[in-house]
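Residue numbers (my numbering): 649 to 792.
Backbone N, C-alpha and C fix where the C-beta goes; we use that ideal spot for every residue, glycine too.
Notes follow the structure.
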């Protein structure tokens, strides 16, 4: 009976190893920039197909972004260009990794139209038409 208990413990510990892990660098990007998704397989096998899935903010449906093959040591990677906050997961067979969330900030550009008149150009996945932007001039304090 004691040997059977040890065998069950070993099987339970093997099942706890996740199929894949996934991380994103950087975790926050400016609109139009890319993030690097990198991960590793729990069993460290090379040549395994890994699906990269994305779920954009406001959607509950995951979409297959691409399929990559793992390299030496089970490592895989992909560069993604998110439009809005996106959760990325790696799927190996039927097992999903925990989500790597990437936040997206709008790209802002301040342009001078005329004397004392400026325009803010904003680039994002959603329209900001009719919104008001407030900014002020930075005035460093005089040294003592």
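- By the Cβ-count criterion, residue 687 is buried, with 16 or more other Cβ atoms from all chains shown falling within 10 Å of its own Cβ.
- Annotated three-state conformation of residue 719 is coil, per DSSP.
- The C-alpha of residue 712 lies about 40 Å from the C-alpha of residue 783.
- Taking all protein chains shown into account, residue 761 has fewer than 16 neighbouring C-beta atoms within 10 Å of its C-beta and is therefore exposed.
- Collapsing the DSSP output to three states places residue 774 in coil.
- The C-beta distance from residue 668 to residue 738 rounds to 4 Å, short enough to fall under 8 Å.
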